[in-house]
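K.L.:
Starting off with a structure, shown below.
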Amino acid sequence: MEAVEETEEVEQTPEDAISLDISDSLDVEIDESRDGASVTSHELYFDWSSIDTSHLPSSYKTNSWQEEELLQLADHFFQQYTHLCPERKPLFIHPLNECGVQKFVSTTVRPTLLPYPDMYYWSGCASFVCDYLIMEPLKCPITPPSSLYSPTTILKYQRGNCFDFTVLLCSLLIGAGYDAYCVHGYATLEMCSLDQTQELCPRLRKPPEVPEEEDPNKYRIKYPLEPQSKFELQQKAKKEKETEPEQEEETEEEEEEVVMEVGKPKRDPLHGLRVHAWVLVLSGKRKVPETFFINPFTGNPHSTMDECFLGIESIWNHRNYWVNMQDCRKGCKDLSFDLSDPFCWEIMFSESNEPSQLAPGSAKEDTDEMQEKEETDMRFEMPLSWVDRIRVSCREYENPFSQGKKVVLYDKAKLEKWAAYANGDGLVERLTVYADSDRTEELEVKEWFKHREDLLYMREVNKQTQLITDHFRPGHPLLLKAHSYTSLEPETGHTVEFYHTARVDGLWKRFEDATEMTEYFVGREDFLHTRHTDFDEREKKTEKAGSTADANPRPIVQIKEYFHRNPEKPADEDIEERIFMVIDDIIQLTYHLELHDTIASQVVFCRVIGREKREDEIFLSRENTVKYQPWSSEKHKNMLHLYDLLWELREEQKELKQQVRDSEAEMLNILMVRKEEEANIKLSVSMYSTAKRGQEHEATELEEDQRSSQGSLEDKDQHIGGEVESLTHHTATNSTM
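Residues -8 to 728 (our numbering) are what the sequence shown spells out, left to right.
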């Protein structure tokens, strides 16, 4: 996008010409071999010389007297720098703008705070810049560009190189109150070319591990292992040492072969020479705890110790310009970012406005010297930015992708992004995980949604098992939190999670398939935490075509319930597990254990063999009651107590069967609602989405205009019809007369 050709800069030294030839051939090979390039062919060859600059303000086309004076001072500083540091590369200090006029780089920075909540934070500014602009590589990878366009022009055409990205991002960060600076330096090939195919996708990065708690049984007795001979262990270690060199040679050869097979990028011949620009954010302002870098191409933060950054030539903001005087042979690891240190950073314009620290007695004697110092150290006032005010409309902010969507390739992953309301189903992001580096075999797909009325915000699809998991935000009418399934048909295997705090029964998870159903509870007063139900197959005789599951329910085989320990009850009276074998008419109770017990107390109520079952009758005898009694209490030894207990269990069994039927009906209702929601997806309009509300307002106005025009036409038709009727009536009366 430079207005002046780069040949003049490249031909300054023969070393630069040689390195440029190498870089050109290398870049051609990279473009042909790598499919991870983020810039397509039609995006690379944008003709910047054809842009219209006639409408730009006069500040773009001319320099004020302050800017002319600033350029003279910059030239003087540049000459001194080249004289004192002849081995250093030329500074990027006063490039041409889009109108071919020299402008000092600090005046190109235009601090702006955009009126959007996300743009008040560095992460929102960085994500907007990297999403809104299309990356263009530098024409010459080892020299900075000869031109630097204004952020307004860059925003208009939505494309630029690393310096354009950096100046725009720095303008937004300074406007938001950050102590941000533009950096001219050197970086790796992957960072300069926006190649992320060797990096792990940020969506796949695991959160930091929480330190494990100490084992409560670490002081228990550890029994010795099987005895081993020390002599045999020593002989085995000697053999391993002898075979280690041979194995190392073999492994090195294998690693080289693997590297050649995988096709990892070779060593870059221009390593350390590739020019790049990024943003430096110093700690202090906006409560930034630690100084860090921002890569404008990706919007990701980086530590100043990151090995991808290989050196810094200079930095600048809207007030001043600093040249790095530190050694960068180890990259940016050992650099100090104390800009007030003259040994580390050479400042262009003095900023020393500190008051004199003289003693009170010598103040009168040295008044003349103080005046002379104030005159010589007077701070230079940087002229205002020549760039027009940076404006981003609501429509542009909410639809940042110029190509409709953005695709980023990572190591064994692909990330796609869309603007809100770009897709009818609310899809805004999709991550595809692959099994290989060539991205041919899909393993998993994750999708993120926005503004859906059914409150679905994420969907995970396992391509190996075809298992789909939907995640919902709080507020769904059915209190859904997650739903895992392979099909929305009933009894095909569904796992549903609920927001249990909003439910009366405390249910947080339910699994159901054709043969069983398991429910998990939290925070119940009766300490119930799990209920498991087994079903039998439906009777084929009663099945009819078109009959529903409600008309032909599955027979219940047994119901198991598990309870937590109730500390208010004795262990031998607190039930831990109860099983209702409905078909066999058996009820089994298992009680909790005391601290030093090993076998739990049990009661089993069986059906008497040869006696018909009656619902209104309970037959209790020693034959159909099996007990194991290590109890301390006398309750379970009393037959009257067992008789009352059996009556209660019979009634609870009826209630449990009804609860199971209710759970089945709830699952059918959930599947029916989810089918309807997926068939008719509706998106809600956010109160902050001014562009979308403007579109809906225009649509409603258009509908109202159409209705009003149709109504006026109908009124005209009725008026004409009334005139015709009156005319016919008049002619008819005249004919009768």
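All C-beta atoms in this analysis are idealised placements derived from N, C-alpha and C, irrespective of residue type, glycine included.
Quick one, which of Ile590, Asp525 and Glu568 has its alpha-carbon nearest Asp575's?
P.N.:
Numbered from 1 along the sequence shown, position 584 holds the residue referred to as residue 575. For the residues Ile590, Asp525 and Glu568, the minimum Cα distance to Asp575 belongs to Asp525.
K.L.:
Helix, strand or coil for Cys173 per DSSP?
P.N.:
As a working note, residue 173 is residue 182 in the sequence shown. Looking at Cys173 - three-state DSSP - the assignment turns out to be strand.
K.L.:
Check the DSSP bridge columns for Phe440 and list the partner residues they point to.
P.N.:
Working through the sequence shown from its first residue, we reach residue 440 at position 449. Phe440 is bridged to Leu418.
K.L.:
My output table needs one value for Asn54: the three-state DSSP class, helix, strand or coil.
P.N.:
For this step, residue 54 is matched to residue 63 along the sequence shown. In the structure shown, Asn54 sits in coil (DSSP, three-state: anything other than H, G, I, E or B).
K.L.:
Can you list the beta strand (DSSP E) stretches of 3 or more residues lying completely in the stretch 479 to 538, in chain order?
P.N.:
Counting whole runs of 3 or more residues, the stretch 479 to 538 contains the beta strand (DSSP E) stretches 485 to 489, 498 to 503, 507 to 512 and 519 to 526.
K.L.:
DSSP three-state label for Gly115, please.
P.N.:
The sequence position of residue 115 within the sequence shown is 124, counting from 1. Helix.
K.L.:
Give the DSSP-derived three-state secondary structure of Asn286 in the structure shown.
P.N.:
In the sequence shown, counting from the first residue as 1, residue 286 sits at position 295. In this structure, Asn286 counts as strand in the three-state DSSP scheme.
K.L.:
Quick one: residues in its chain with C-beta nearer than 6 Å to the C-beta of Ile577, no 5 flanking neighbours on either side, listed in chain order?
P.N.:
Here residue 577 is taken as the residue at index 586 of the sequence shown, counted from 1. Cys597, listed in sequence order.
K.L.:
Grab me the residues of Glu433's own chain with a C-beta within less than 7 Å of its C-beta, minus the 5 sequence neighbours each way, in chain order.
P.N.:
Position 442 of the sequence shown holds residue 433. Thr423, Tyr425 and Lys454, listed in sequence order.
K.L.:
How is Ala591 classed by DSSP in three states: helix, strand or coil?
P.N.:
The residue labelled residue 591 in the question sits at position 600 within the sequence shown. Residue state, collapsed to three classes: coil.
K.L.:
In terms of alpha-carbon separation, which member of Arg494, Ile459, Glu482 and Glu667 lies closest to Leu471?
P.N.:
By one-based count along the sequence shown, residue 471 stands at place 480. Nearest of Arg494, Ile459, Glu482 and Glu667 to Leu471, Cα basis: Arg494.
K.L.:
Give the secondary structure of Ala656 by DSSP, where H, G and I count as helix, E and B as strand, and everything else as coil.
P.N.:
Here residue 656 refers to the residue found at position 665 when the sequence shown is read from its first residue. Reduced to three states, the DSSP call for Ala656 is helix.
K.L.:
Please list the terminal residues of the continuous beta strand (DSSP E) segment that includes Gly302.
P.N.:
Position 311 of the sequence shown holds residue 302. Where Gly302 is concerned, the enclosing beta strand (DSSP E) stretches over Phe300 to Trp307.
K.L.:
Using the beta-carbon count (16 or more within 10 Å), is Gln219 buried or exposed?
P.N.:
In the sequence shown, the residue the question calls residue 219 occupies position 228. It counts as exposed.
K.L.:
Could you check if Lys403 is buried or exposed, using at least 16 other CB atoms within 10 Å of its CB as the buried criterion?
P.N.:
The residue labelled residue 403 in the question sits at position 412 within the sequence shown. The residue is buried, with at least 16 neighbouring Cβ atoms inside 10 Å.
K.L.:
Would you kindly work out how many angstroms separate the C-alpha atoms of Val158 and Phe68, rounded to a whole number?
P.N.:
Walking along the sequence shown from the start, residue 158 turns up at place 167. Walking along the sequence shown from the start, residue 68 turns up at place 77. For Val158 and Phe68, the distance between alpha carbons rounds to 22 Å.
K.L.:
Between which two residues does the alpha helix (DSSP H) harbouring Ile42 extend?
P.N.:
Residue mapping note: residue 42 aligns to position 51 of the sequence shown, counting from 1. No alpha helix (DSSP H) holds Ile42; DSSP gives it neither H nor E.
K.L.:
Taking 8 Å as the threshold, find out whether the stretch 398 to 413 comes into contact with the stretch 191 to 198 through three or more Cβ pairs.
P.N.:
Short answer: they touch.
K.L.:
Determine the DSSP secondary structure at Met251, reduced to helix, strand or coil.
P.N.:
Mapped onto the sequence shown, residue 251 falls at position 260. Note that Met251 scores a pLDDT of 44, beneath 50, so its modelled location is shaky and nothing firm can be said.
K.L.:
Which residue comes first and which comes last in the beta strand (DSSP E) that contains Tyr140?
P.N.:
The count along the sequence shown starts at 1 and reaches residue 140 at position 149. From DSSP, Tyr140 is part of no beta strand (DSSP E); its letter is neither H nor E.
K.L.:
Report the three-state DSSP secondary structure of Arg150 (helix, strand or coil).
P.N.:
Position 159 of the sequence shown holds residue 150. Of the three classes helix, strand and coil, the one that applies to Arg150 here is strand, per DSSP.
K.L.:
Return the residue from the list Arg150, Ile285 and Thr188 that minimises the CA-CA distance to Trp39.
P.N.:
Translated into positions along the sequence shown, residue 39 becomes position 48. The shortest C-alpha separation from Trp39 is found at Arg150.
K.L.:
For Ser735, which three-state DSSP category applies?
P.N.:
Look at the range of the chain in this structure, -8 to 728, and you will see that residue 735 is not part of it.
K.L.:
Can you tell which of Asp527, Thr521 and Asp563 has the C-alpha that lies nearest to the C-alpha of Ile570?
P.N.:
In the sequence shown, the residue the question calls residue 570 occupies position 579. With distances taken between Cα atoms, Ile570 lies closest to Thr521.
K.L.:
Secondary structure at Trp377, three-state DSSP: helix, strand or coil?
P.N.:
By 1-based counting over the sequence shown, the position of residue 377 is 386. DSSP places Trp377 in coil when its eight states are reduced to three.
K.L.:
Val399 lies in the beta strand (DSSP E); which residues open and close that run?
P.N.:
Counting from one through the sequence shown, the residue named residue 399 turns up at place 408. Run containing Val399: Lys396 to Tyr401, per the beta strand (DSSP E) assignment.
K.L.:
What is the rounded straight-line gap between the Cα of Asp332 and the Cα of Ser393?
P.N.:
Within the sequence shown, residue 332 is the residue found at index 341, counting from 1. Within the sequence shown, residue 393 is the residue found at index 402, counting from 1. Rounded to the nearest angstrom, the two C-alpha atoms are 43 Å apart.
K.L.:
Quick one: is Asn390 buried, meaning 16 or more other Cβ sit within 10 Å of its Cβ, or exposed?
P.N.:
The residue you call residue 390 lines up with position 399 of the sequence shown. Classification for Asn390: buried.
K.L.:
Given a cut-off of 8 Å, decide if Asp109 and Gly115 are closer than it, judged by their beta-carbon atoms.
P.N.:
In the sequence shown, counting from the first residue as 1, residue 115 sits at position 124. In the sequence shown, counting from the first residue as 1, residue 109 sits at position 118. Closer than 8 Å, so yes.
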